[in-house]
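Here numbering that gives the first Met the number 0 is used: the first residue of the sequence shown is 0, the next is one more, and so on. Where a beta carbon is used, it is the ideal one built from N, C-alpha and C, also for glycine. Just so you know, these numbers come straight off a predicted model, no measurement behind them. The next block holds one structure in the form of structure tokens; read it before the comments.
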Amino acid sequence: MRDTTRFSICALVAIAALAGVVAAINQGVHPVWALLIVLLLPCMAIALAKFPAAFIPPILFISQGMPMPANPYRRILDPTELTLGAVLLALAIFFRLIKLSTREKGLWLGDLFKGQGKGIAFYFLFAAALTVSFLWTRAPGYGGSKLVSFLIVGTLCFIAPFIVMIEERDLRHFTLATVALALILSLSRVSGVSQGTYAEHYQPVHIGIGQLIGMAILLVLYLGLFEEPWIKNLLILALPILAAGLIASETRDALFSLILVLLGGVFFRPQRVGYITPLIALGGCAVIVAALLIVPGQWIRGYAAQRFREKSVEVVQMVRGTSTDKGSGGRRLVFYRAALDGFAQKPLWGWGVGGWETYYWHNDQQDPPEYPHFELLEVGVEEGLLGLIPFVIFLIIGLRAAKKAFYEESSRYAFVLPILVYCLLLTTASGDVDDNRFVWLWCGIAFVACRIIDSKRQEVTQLETAADS
Numbered sequence: 000m001r002d003t004t005r006f007s008i009c010a011l012v013a014i015a016a017l018a019g020v021v022a023a024i025n026q027g028v029h030p031v032w033a034l035l036i037v038l039l040l041p042c043m044a045i046a047l048a049k050f051p052a053a054f055i056p057p058i059l060f061i062s063q064g065m066p067m068p069a070n071p072y073r074r075i076l077d078p079t080e081l082t083l084g085a086v087l088l089a090l091a092i093f094f095r096l097i098k099l100s101t102r103e104k105g106l107w108l109g110d111l112f113k114g115q116g117k118g119i120a121f122y123f124l125f126a127a128a129l130t131v132s133f134l135w136t137r138a139p140g141y142g143g144s145k146l147v148s149f150l151i152v153g154t155l156c157f158i159a160p161f162i163v164m165i166e167e168r169d170l171r172h173f174t175l176a177t178v179a180l181a182l183i184l185s186l187s188r189v190s191g192v193s194q195g196t197y198a199e200h201y202q203p204v205h206i207g208i209g210q211l212i213g214m215a216i217l218l219v220l221y222l223g224l225f226e227e228p229w230i231k232n233l234l235i236l237a238l239p240i241l242a243a244g245l246i247a248s249e250t251r252d253a254l255f256s257l258i259l260v261l262l263g264g265v266f267f268r269p270q271r272v273g274y275i276t277p278l279i280a281l282g283g284c285a286v287i288v289a290a291l292l293i294v295p296g297q298w299i300r301g302y303a304a305q306r307f308r309e310k311s312v313e314v315v316q317m318v319r320g321t322s323t324d325k326g327s328g329g330r331r332l333v334f335y336r337a338a339l340d341g342f343a344q345k346p347l348w349g350w351g352v353g354g355w356e357t358y359y360w361h362n363d364q365q366d367p368p369e370y371p372h373f374e375l376l377e378v379g380v381e382e383g384l385l386g387l388i389p390f391v392i393f394l395i396i397g398l399r400a401a402k403k404a405f406y407e408e409s410s411r412y413a414f415v416l417p418i419l420v421y422c423l424l425l426t427t428a429s430g431d432v433d434d435n436r437f438v439w440l441w442c443g444i445a446f447v448a449c450r451i452i453d454s455k456r457q458e459v460t461q462l463e464t465a466a467d468s
């Protein structure tokens, strides 16, 4: 049975590759490029099968409409980065399911989701509330797009950990892929802002990159999954580059969320964990603040430097209470008040998915789409208590699962709680239920960590029982 399945997969891949090459050549693609694509396809298939968890990080912080860069064949195929990331992740899940089905002692789907029924149930109750609210939305364009993306990409991110993170090895692959991607983006950001070239191409502020880098920093600091000293040392050496990339991304929500989580590390510590101690947590905050005051003036150039100064001034004004709605931070405060007013007008059912646009802007044509930039308020104003109740309960269940992993004896999964808290802090200043798909992912990872912990405890109990008998 296993040999037949593997042969069928290889045959399908070969046929698809051949068909793709013929179609590409017919569309005018040079045969050399077509041949390279054919050679890369098996490598990609092997990577998807061997390291499925490594294909999760790219999808987390990609904007919906971001096109693929340097695509010379747009007339043939022009996917967005989010579409490509979702397809790769779906393929990774598919290959893992096939691998599990060919094992002699295969896992049933029920085993993958064992013991996490409440969290899963409330996620789908929330998804159902979003879907039902489409019936009365006055923004069917934006609302429909957001709903479809949430149901496909968001659910993919939530379900993926249950299937592709079965063992600790999968979590290590995810960690290394996240840090590697964050390092590449950090070097790119530092190079761009230091040369002053961003104004020529696109805005120097990139919220998604900053959020990803902050996550990578917490993954490094809360090391627990790696025993090899050389891997730990390499990850620690990556911290200065990641910190520079975080500053270069000019993302305030990621920066302040990271500082708050590090300060929390002073008071809440697992039993044994990586490099986090109260002294290191305070030192990390001090280094970040000092770097913000000293470093940018030395190496940030051009329009990026101007934007950095504007954002710094706005932060000072917000602290003093003198901010206006001209800056992005001041506008967020206006959005928050408006969202609370909108919730008060329709507290039970809300204005429907995407209804914020017609409530606040009185149209369904905002480009790019606007939202309150506070996910809890967004759910409240658009779905009312119908969506707010399952949403809050789902987050509470996720936090409880992350807390269990945080205080587990070995502290190998202690990173889940600080990163989930970091992600929730991010949702208070940026994104919507679609963009903030990292929340669904980390709740899923928290549930998976609990499943692994319970499974190991059960194995230990069985061994002890067998030894006693």
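- Boundaries for Ser410: no alpha helix (DSSP H) harbours it, and the DSSP string shows neither H nor E there.
- Annotated three-state conformation of Asp340 is helix, per DSSP.
- The residues Leu47, Pro51, Phe54 and Val163, in chain order, have a CB closer than 7 angstroms to that of Ala91 in the same chain once the five nearest residues on each side in sequence are set aside.
- As for any alpha helix (DSSP H) of minimum length 4 sitting wholly inside the segment 207 to 242, the runs are 228 to 236, ordered along the chain.
- Thr130 is not a Cβ neighbour of Leu155, given a cutoff of 8 angstroms.
- Across the set Thr464, Arg450, Lys403 and Leu384, the C-alpha of Leu384 shows the shortest separation from the C-alpha of Leu124.
- Taking a 10 Å sphere around the C-beta of Glu407, we find 16 or more other C-beta atoms and assign the residue as buried.
- In this structure, Tyr122 is the residue among Leu111, Leu175, Ala445 and Tyr122 with its C-alpha nearest to the C-alpha of Leu387.
- For Arg188, the number of other beta carbons within 10 angstroms of its own is at least 16, and it is reported as buried.
- Pairing Gly353 with Gly142 gives a Cβ-Cβ distance under 8 angstroms.
- Assigned with DSSP and collapsed to three states, Ala401 falls in helix.
- Looking only at Val86, Cys442, Trp355 and Trp135, the smallest Cα-Cα distance to Phe390 is reached by Cys442.
- Cβ contact annotation for Pro160 (same chain, cutoff 7 angstroms, sequence separation greater than five): Leu440, Gly443, Ile444 and Val447, in chain order.
- Counting only the Cα atoms, Phe149 lies some 21 angstroms from Tyr358.
- In summary, Gly351 is buried, with 16 or more beta-carbon neighbours lying within 10 Å of its beta-carbon over all protein chains present.
- By the beta-carbon neighbour count (other beta carbons within 10 angstroms, threshold 16), Phe60 is buried.
- For the set Gly114, Leu254, Ala120 and Leu111, the Cα lying nearest the Cα of Gly209 is the one of Leu254.
- About 23 angstroms separates the CB atoms of Val260 and Pro371; that is not less than 8 angstroms, and the two are not in contact.
- The segment 130 to 203 is shown to contain whole alpha helix (DSSP H) runs of 4 or more residues at 139 to 148, 154 to 163, 167 to 194 and 197 to 200, in chain order.
- Secondary structure at Gln115: coil, using DSSP grouped into helix, strand and coil.
- For Val438, same chain residues with a beta-carbon under 7 angstroms away, outside a window of 5 residues either side, are Cys422, Leu423 and Thr426 in chain order.
- Taking all protein chains in view, the Cβ of Asp434 is crowded by 16 or more other Cβ atoms within 10 Å, so the residue is classified as buried.
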